[in-house]
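Numbering that gives the first Met the number 0 numbers the first residue of the sequence shown as 0 and each following residue consecutively.
Here a beta-carbon is modelled for each residue, glycine too, at the ideal position from N, C-alpha and C.
Since the model is a prediction, treat every value here as computed from it, not as a measurement.
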Amino acid sequence: MASPFFGVARSAAVAMALVAIGGASVSASKLVKQRPLDARTIPQFVENLPDFSVLGRVNGDVPYRVRFEEFAQKILPAAFYAKLPAPYSAGTMVFGYGMDQGTKHYPALPLRGLYPGYTVVVTRDHIAAADYKNNLSPSLARTLTIDQSIDWANPAHSSMMSHGMGNATPYLGAIPAVTHLHGAEDPSAFDGGPNTWFTPGMKARGSGFVTNKYAYPNTQEPTTLWFHDHTLGTTRLNVYAGLEAFYLIRGNGDTGVPGMGKLPAGRQEVELVLQDRQFDTNGQLLFPDGYPSGLDGPLQNPKLHPYWMPEFFGDVITVNGKSWPKLNVAPKRYRFRLLNGANVRFFNLQFCVNGCQTKVPFYVIGDDGGLLDAPVKVKQLLFSPGERYDVIVDFSRFRGKAIMMRNDAVTPYPSAFAKFTPALQGRVMRFIVAANAVSDSSFNPSTGARLRGAGSTVAPTLEKIVALPGTKGGLPLSSPIADGKKVQVYRQLTLNPIFGSGGCHWPGAGNGDVINAMLLNNTGFKAPATEKPRVGSTEVWDLIDLSNDDHPIHLHLVQFQIIARIPFNLPAYGAAYYAAFPHDRCIPEAGPPRPYGVPNRAGAVGGNPDVTPFFLKKTLPYCMDDGRADGTDGPARPEESGWKDSVVASCGHVTRVVVRFVPQDLPAVVNGKPVNYTGQNKFPFDPTQGPGYIWHCHLIDHEDNEMMRPLIIVK
Ligand SMILES: [Cu+2]
């Protein structure tokens, strides 16, 4: 029997034919001529980091309003804009958030907004009431061209096709937007999913729209969240334009108040969002959209797509919306809330002294969903779009010195083919350490002191999920799950590159075989939901990467745990995968080869042949030839062993995570037995109601072209 989604109409993104692209123009936009700015001409480390420990933060315990605004902001050094004529002299046109609370405005009037927006700080178990308003104007869409040939919000109901080809007409109507609070345990009506967008004045709204007034419960553990745009098919542009901000949950002993043995706070607690951007010679954002241009050279697939670009890479690194900034620091311990807010770029961070002859060790104290049990000492930190890491850097030994935050992650990751210039993308920001000695009584991670559990003042020990509840003996999660016993739910799901030739796994059919969409389980976003976990249940997901990229996979609503990344034989599994389709050939976007709900030999649903016989002891060298020295092979790295809402599904691997559809810190084990909550709703809201959730790749360009699926919680 064919897959239930066999024969689902393919999107224009997959089915479309060539749209003629004009000759040798250097324009990056269909409407505005842009010449790429040579990033080597931008002075580095000359302006200060926009620092929210100084600028201030919004108290989310009191109702607040968020406006989506368009305005000019100086991302590059001010001296650059001073040489430009009006209107460019005012800065780079961006989108950003302006916030209001009572009579206060963030930023203060007459500034309309800031990119990134002001950080919102809330207290655990206090409801945060956020009222979102869309004031965006379509003018930025003239340079950040909206692609109407991919499935998108489409408020004007334009056709995806035009004259039998993808509709390549740039869209200049009202801009749809919606805000997702990334990592939040929240009702789906307030989750800001891709179909809940709205245009200015609410003239048009997505099919899932419920309200623009959200109430976040904040019942989860204190941690670093962020909110950002999530509009269907234009997330990559709205986030690139600047719609993002931090959201910190405080509570337990993590108060944000400085004190003896407390986590660094006050001026010693700083948010850092890392991004890459590209500019034109007028200092305006450049996003290649179909004409040969810029850092990436010609688009990789102009014959198959008018201008959706599979992966954007910029040559300018920004932190908190400022290119290569500097930060003056005291010789003390600093807590940095790190966020990778890039579209696609991975960062592998190091703190370097003397041209990196000395690498400063630092400590990871938390990841996406909260604190780790104990600090993890590292010399480098790999992190992907959407992920957060909470780190402590001790500057006390470096009085009077300059420390560089450096990056050496290739792009795409790990299959480097985009240009990487160490003096550009290899540099992030500079810290200048004051020379005077000062005392510091903050929490010292080098003493081995714990962050959670006995002896700590912060939180109880992390609930580590190591066995599947409801199985005989509580099956361990680290070995192949199947042993003939009934597991709760085990899914094996594929990550598919869709090639122009019709191929569904890497490698393609040759150099000219381009990728024109990315899919989860070979299924488009609009196909009926297949991931429908029962509330309260525990599931194991094996993410089978059939591409040559790493993909950060993000689930809404829940925090999960990473078990391991298991090497597998992709070419051999690919052959078995194809053989399982009718006519021995993958049918792009037609779903998995077999019926989704029928368990395979391993007992896994998902409609795919069992991948466990293809597990290997060692990584094949086809996507990274050093055996994954970056740590994305084998068990979860110590620094990613806490609560996660995004996981790097790594090339050449099956990435295994365990997900519970319960509030994150419910006990996993009671009296030595894993607890089974299946069918019990432990959330303070009903996650089975409303427009539902999603799971997707957080390479934003992938997410915008179908690498996203519904996640529907059922009773
Ligand atoms: Cu992806």
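Using only the alpha-carbon positions, how far apart do residue i and residue j sit?
| i | j | result |
| --- | --- | --- |
| Arg332 | Gly365 | 16 Å |
| Gly22 | Arg39 | Residue placement at Gly22 is flagged as unreliable, the pLDDT there being 32, under the threshold of 50; a coordinate-derived value is accordingly withheld. |
| Gly313 | Leu171 | 24 Å |
| Ile20 | Glu462 | With a pLDDT of 31 at Ile20, under the threshold of 50, the modelled position of this residue cannot be trusted, and the question is left open. |
| Pro305 | Tyr246 | 36 Å |
| Gln558 | Gln663 | 6 Å |
| Ala408 | Lys202 | 43 Å |
| Ala432 | Lys325 | As written in the sequence, residue 432 is Val, which differs from the Ala given in the question. In a straight line, the C-alpha of Val432 is about 11 Å away from that of Lys325. |
| Tyr290 | Thr198 | Its pLDDT being 44, under 50, Tyr290 is placed unreliably in this model, and the coordinates cannot settle the point. |
| Pro594 | Ala575 | 16 Å |
| Pro216 | Ile126 | 5 Å |
| Asn134 | Glu69 | 8 Å |
| Tyr87 | Phe79 | 10 Å |
| Ser24 | Gln72 | Per-residue confidence for Ser24 stands at a pLDDT of 36, beneath the threshold of 50, marking its modelled position as unreliable; no derived number is given. |
| Tyr572 | Gly232 | 31 Å |
| Thr178 | Ala214 | 13 Å |
| Val7 | Ile586 | Confidence in Val7 is poor, its pLDDT being 27 and thus under 50, which makes the residue's placement too unreliable to answer from. |
| Pro411 | Leu381 | 14 Å |
| Ser445 | Ile391 | 10 Å |
| Ala448 | Ser438 | 19 Å |
| Ala434 | Lys400 | 8 Å |
| Asp37 | His652 | 38 Å |
Answer yes or no: the CB of residue i versus the heavy atoms of ligand 1, is any distance below 6 Å?
| i | result |
| --- | --- |
| His550 | yes |
| Met517 | yes |
| Met201 | no |
| His652 | no |
| Met706 | yes |
| His701 | yes |
Comparing alpha-carbon positions, which option in the options lies nearest residue i?
| i | options | result |
| --- | --- | --- |
| Asn347 | Val390, Gly425, Val359 | Gly425 |
| Leu338 | Glu638, Gln274, Leu284, Lys321 | Gln274 |
| Asp389 | Phe67, Thr223, Gly95 | Thr223 |
| Glu638 | Ala373, Ala167, Leu30, Thr357 | Ala373 |
| Cys622 | Leu113, Ser649, Asn133 | Ser649 |
| Arg451 | Pro360, Phe419, Asp253 | Asp253 |
| Thr726 | Arg235, Thr230, Gly250 | No statement about residue 726 is possible, as the shown extent of the chain runs from 0 to 714 and does not include it. |
| Leu139 | Ile174, His181, Leu474, Lys616 | Ile174 |
| Thr234 | Leu143, Val256, Pro186, Ala129 | Leu143 |
| Gly282 | Lys358, Ile74, Val668, His179 | Ile74 |
| Asp367 | Leu519, His553, Val31 | His553 |
| Phe567 | Thr91, Thr618, Arg429 | Thr618 |
| Ala152 | Leu48, Ala578, Ser206, Pro591 | Ser206 |
| Phe311 | Lys616, Asn327, Ala341 | Ala341 |
| Asn58 | Val121, Asn443, Pro186 | Val121 |
| Lys471 | Trp307, Gln487, Phe498, Val457 | Gln487 |
| Leu492 | Pro598, Phe51, Pro76, Cys355 | Pro598 |
| Tyr239 | Asp512, Phe278, Glu270 | Phe278 |
| Ala167 | Ala526, Leu180, Gln147 | Gln147 |
| Gly95 | Thr118, Lys103, Ala77 | Thr118 |
Could you check whether the Cβ of residue i sits closer than 6 Å to any heavy atom belonging to ligand 2?
| i | result |
| --- | --- |
| Cys696 | Of the ligands one can find in the structure shown, namely ligand 1, none is ligand 2. |
Going by DSSP, what residue range makes up the beta strand (DSSP E) through residue i?
| i | result |
| --- | --- |
| Arg659 | 652-659 |
| Gly369 | 369-377 |
| Leu326 | 325-328 |
| Phe731 | Because the chain here runs from 0 to 714, residue 731 falls outside it and cannot be looked at. |
| Leu337 | 332-339 |
| Leu519 | 514-519 |
| Ala244 | 243-249 |
| Leu273 | 268-276 |
| Gly95 | 91-100 |
| Ile402 | 401-406 |
| Arg66 | 63-72 |
| Glu538 | 537-544 |
| Arg490 | 488-498 |
Taking residue i as part of the alpha helix (DSSP H), name the residues at either end of that continuous run.
| i | result |
| --- | --- |
| Thr234 | 234-240 |
| Ser52 | 51-54 |
| Ile699 | 699-703 |
| Leu380 | Here Leu380 belongs to no alpha helix (DSSP H); instead the beta strand (DSSP E) covers 380-382. |
| Tyr572 | 569-578 |
I want to see whether chain D comes within less than 7 Å of residue i, judged by CB atoms only; does it?
| i | result |
| --- | --- |
| Phe660 | Absence of chain D from the displayed structure is noted, only one protein chain being present. |
Minimum length 3: unbroken beta strand (DSSP E) runs contained in the region 158-217: 178-181, 212-215
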